[in-house]
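For the sequence shown, the residue numbers in my numbering are 12 to 452.
Built from N, CA and C at the ideal position, the CB exists for glycine as well.
Notes follow the structure.
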Amino acid sequence: EALRLPMRTVGREAEYPIVTPLGHAGNVQAVMARLRDDSRVKASQVVMENELIASITTESSVHYTIEVGTGTVEVISGPFMDLESLREVHEDSVELLVDAAKEEGLCVLGCGIQPLTRPSAALMTPRERYNRLMELLPGWAWFSATASDQVHVDITREEFPLITSVCNAATPALVALCGNSGVHSGLVADTCCTREAATHQVMGHRHGMPEAPVSSVDEWMEQIATLDFLMRKDHPKDTNPRVAYLNDDVSLGLAPFSDHLGASSSASQGQVTGSRDEQDWEDFLFHEHYVYHSARPRSKQATVELRPCCQQPWADHMVVAALSLGLVQSGPRLLPFLVPSYEAGASGAWHGALAGRWAHLQGLHHRAVTTGLEDDEVAELCKGILTACAQALEERGLGEEAFLEPLFQRVEERENPAQQLQRAMRDVGMKGVVDLTEIRP
Numbered sequence: 012e013a014l015r016l017p018m019r020t021v022g023r024e025a026e027y028p029i030v031t032p033l034g035h036a037g038n039v040q041a042v043m044a045r046l047r048d049d050s051r052v053k054a055s056q057v058v059m060e061n062e063l064i065a066s067i068t069t070e071s072s073v074h075y076t077i078e079v080g081t082g083t084v085e086v087i088s089g090p091f092m093d094l095e096s097l098r099e100v101h102e103d104s105v106e107l108l109v110d111a112a113k114e115e116g117l118c119v120l121g122c123g124i125q126p127l128t129r130p131s132a133a134l135m136t137p138r139e140r141y142n143r144l145m146e147l148l149p150g151w152a153w154f155s156a157t158a159s160d161q162v163h164v165d166i167t168r169e170e171f172p173l174i175t176s177v178c179n180a181a182t183p184a185l186v187a188l189c190g191n192s193g194v195h196s197g198l199v200a201d202t203c204c205t206r207e208a209a210t211h212q213v214m215g216h217r218h219g220m221p222e223a224p225v226s227s228v229d230e231w232m233e234q235i236a237t238l239d240f241l242m243r244k245d246h247p248k249d250t251n252p253r254v255a256y257l258n259d260d261v262s263l264g265l266a267p268f269s270d271h272l273g274a275s276s277s278a279s280q281g282q283v284t285g286s287r288d289e290q291d292w293e294d295f296l297f298h299e300h301y302v303y304h305s306a307r308p309r310s311k312q313a314t315v316e317l318r319p320c321c322q323q324p325w326a327d328h329m330v331v332a333a334l335s336l337g338l339v340q341s342g343p344r345l346l347p348f349l350v351p352s353y354e355a356g357a358s359g360a361w362h363g364a365l366a367g368r369w370a371h372l373q374g375l376h377h378r379a380v381t382t383g384l385e386d387d388e389v390a391e392l393c394k395g396i397l398t399a400c401a402q403a404l405e406e407r408g409l410g411e412e413a414f415l416e417p418l419f420q421r422v423e424e425r426e427n428p429a430q431q432l433q434r435a436m437r438d439v440g441m442k443g444v445v446d447l448t449e450i451r452p
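What follows is the structure in C-alpha cells.
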C-alpha cells in the first residue's frame with residue numbers, strides 16, 4: 012500500500028458565474044469577445060462553434076472556455092509542479108477575465124451556482140449533446156447554473172484503485188469544507204451544497220460518491236459499465252451524438268453499458284473483431300465521460316480529477332487545489348480518519364475496510380451537503396483529513412500547507428462559505444450576496 016512520493020503535478024478547471032450587478036446571469040459571449048480582443052490575453056487560438064466563441068487559448072496555454080450554462084466561464088490552467096505556480100498563473104488569468112466582465116458592466120463571482128437566475132434550458136449553451144441529456148435526464152438543467160472548482164493530480168496506474176477510492180470516500184469532507192452553493196434562484200436553499208444535492212438527485216450513482224470503493228482497474232470498469240449508456244458517437248469527432256438505445260431499437264430503451272457490449276459481441280460473432288473492439292472502446296470513453304464521480308481517473312491526462320467542490324470566495328481560491336493535492340499525496344494515511352477502526356494489514360485490507368464503512372460515509376455525505384460544518388461528526392472528519400493533508404503538503408517542502416489555513420479556520424468556526432452566504436441573503440438580500448462573492452483581484 013506504499014505510494015510513490017514524487018513532486019506530483021496539479022492542474023485546475025475553475026468555473027465562475029458571470030452576473031449583472033443585480034445578480035442575473037450575464038452574457039458570457041460578450042465577455043469572451045472582450046478577452047479575444049484584449050492584447051494582454053495574447054490569444055493563440057480561438058475556437059468557434061457556429062456563432063459562439065467556444066474557447067480561447069493563450070500563449071501560456073491557459074484556456075477560457077464556455078460551459079454548460081451561458082452565464083458561466085471556465086478557466087483551465089496547468090499542469091504545474093507546485094501550487095504557487097498555479098496560483099500566479101490563475102490569478103493573472105482571472106484578473107483579465109474580471110476586466111473583460113467589467114467592460115460589459117458584469118461581475119465575476121466566487122461561488123458555486125448562479126445566485127438569482129434559475130437553472131433552465133434557456134440558460135443552457137446550445138449544444139446538441141446537452142439537448143440529448145435534457146431528454147434523458149429530467150433535471151439536467153441544473154448544470155446550466157452550477158460552477159465547480161475541479162482539480163487534476165497526476166497518479167500512476169498502480170495507485171489508481173486506492174487513490175480513487177479514498178478520495179471518493181473523503182467526499183463528505185470536501186463538500187463540508189468547500190460547499191458554496193447555498194443561495195440559488197434568489198432564495199436561501201435547504202442545503203449548503205445545492206450543486207451536489209441537485210445533480211446527485213438527477214444522476215444518482217453517476218454523480219458524487221459511487222456505489223462502492225474499487226480494488227482494481229477492472230473492478231472500476233465493471234462499476235462504470237453497470238450504469239446506463241446514454242449517448243454514442245458514430246465516429247470520434249462526431250458533435251451530434253445520438254441516444255444509445257440497445258441495439259439501436261427505441262422500443263428497448265436505455266440499458267447498462269455492459270448490455271451493449273454483450274449485444275455487440277453477439278452481433279460480431281464470426282467477424283473480424285478489431286474494428287468492433289475499437290468502437291467498443293470509443294463508446295466506453297464517451298460513456299465514462301458522463302459519469303461524474305467525486306474522484307474520477309482520467310486516462311487522457313493520467314490524473315485523478317476531484318470534482319465535488321464549489322467555486323470558492325476569491326480570498327480563499329487556492330484551498331480546493333491545496334486540499335485536492337493533499338488528499339492524493341496522503342493516500343493511505345487518510346484511512347484511519349475515514350475508518351476509525353482501520354489497522355494496516357495484509358495487502359488489499361484497505362478495500363474491505365472502506366467497503367464496510369461506505370454506507371456510513373454516504374450518510375455523512377448527505378449531512379455535509381445539507382448542513383455544511385454544523386454536524387459534529389462531519390467536522391471531526393474534516394479536522395482529521397486536513398491534518399493528514401497538511402502533513403503531506405509539508406513533506407513536499409514548498410510551504411504549500413499554508414494554502415489550507417482558511418479550511419482549518421472554517422472547521423474552528425464550524426462555518427463554510429455557503430453558511431456565510433445564506434446569512435448574508437437573510438440579512439441583506441441579493442445585493443449582499445453579490446457584494447460578498449464578487450471577485451475583485
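Counting only the Cα atoms, tyrosine 141 lies some 9 Å from alanine 152. Proximity to isoleucine 396 across Thr382, Glu412, Ile29, Thr381 peaks at Glu412, based on C-alpha coordinates. For cysteine 203, the three-state secondary structure derived from DSSP is coil.
Non-local beta-carbon contacts of histidine 101 in its own chain, meaning distances under 6 Å to residues more than five positions away in sequence, involve Ser88 in chain order.
For alanine 65, the secondary structure class from DSSP, reduced to helix, strand or coil, is strand. If you ignore the 5 residues before and after histidine 271, its C-beta comes within less than 6 Å of the C-beta of Phe240, all in its own chain and listed in chain order. Between alanine 187 and valine 389, the beta carbon gap of about 5 Å places them in contact (Cβ cut-off 8 Å). Per DSSP, the beta bridge partners of alanine 36 are Val30. By the CB criterion at 9 Å, valine 84 and leucine 108 fall inside the cutoff. Apart from sequence neighbours up to five positions away, the residues of its chain that approach threonine 182 with a beta-carbon distance below 6 Å are Met220, Ser305, Pro319, His376, ordered along the chain.
Among the bridge pairs identified by DSSP, alanine 54 is matched with Thr69. Under the three-state reduction of DSSP output, aspartate 438 falls in the helix class. Leaving aside the five residues that flank glutamine 322 on each side, the residues in its chain whose CB is nearer than 7 Å to its CB run, in chain order, Ala25, Glu26, Tyr27, Gly121, Cys122, Gly123, Ala158, Ser159, Asp160, Asn191. Cα atoms of valine 225 and valine 177: separation of roughly 10 Å, rounded to the nearest angstrom. Taking 4 residues as the minimum length, the alpha helix (DSSP H) runs contained wholly in the region 321-386 are 330-341, 346-349, 360-382, in order along the chain.
Here glutamate 115 is not near valine 228, since their CB atoms are 9 Å or more apart.
When the Cα atoms are used, serine 66 and leucine 173 turn out to be separated by approximately 35 Å. For arginine 309, the enclosing beta strand (DSSP E) starts and ends at 306-309. Secondary structure note for isoleucine 235: its alpha helix (DSSP H) is the uninterrupted segment 228-236.
In the displayed model, glutamine 161 falls within a strand according to three-state DSSP. A distance below 7 Å between beta-carbons, with the five flanking residues on each side excluded, links arginine 45 to the following residues of its chain, in chain order: Ala111, Glu114, Glu115.
When secondary structure is reduced to three states using DSSP, threonine 83 falls in the strand class. Exclusion of the five residues before and after alanine 266 leaves Leu257 as the residues of its chain whose Cβ lies within less than 6 Å of its Cβ.
By the Cβ test, the region 351-370 is not in contact with the region 410-430, since fewer than three Cβ pairs between them sit closer than 8 Å.
The beta carbon of alanine 180 lies closer than 6 Å to those of Leu349, Leu365, Leu372 in the same chain, with the five residues before and after it left out.
Glycine 215 and methionine 232 have their C-alpha atoms spaced approximately 18 Å apart. In this structure, glycine 197 places its C-beta atom within 9 Å of the C-beta atom of methionine 441.
Contact between histidine 298 and phenylalanine 268 holds, since their C-beta atoms are separated by about 5 Å, short of 8 Å. For valine 315, the enclosing beta strand (DSSP E) covers residues 314-317. Taking the Cα positions, glycine 359 is about 14 Å away from glycine 342. According to DSSP, residue pairing for valine 119 in a beta bridge involves Ile29.
Residues of the same chain with a CB within less than 8 Å of the CB of valine 213, apart from the 5 flanking positions on each side, are Leu148, Pro149, Gly150, Trp151, Trp153 in chain order. Nearest neighbour of aspartate 249 by Cα position, chosen from Ala209, Leu418, Arg206, Asp294, turns out to be Asp294.
The Cβ neighbour count for serine 104, taken over all protein chains shown within 10 Å, is at least 16; the residue is labelled buried. No beta strand (DSSP E) of 3 residues or more sits fully in the region 167-216. In the DSSP assignment, aspartate 93 forms no beta bridge with any residue.
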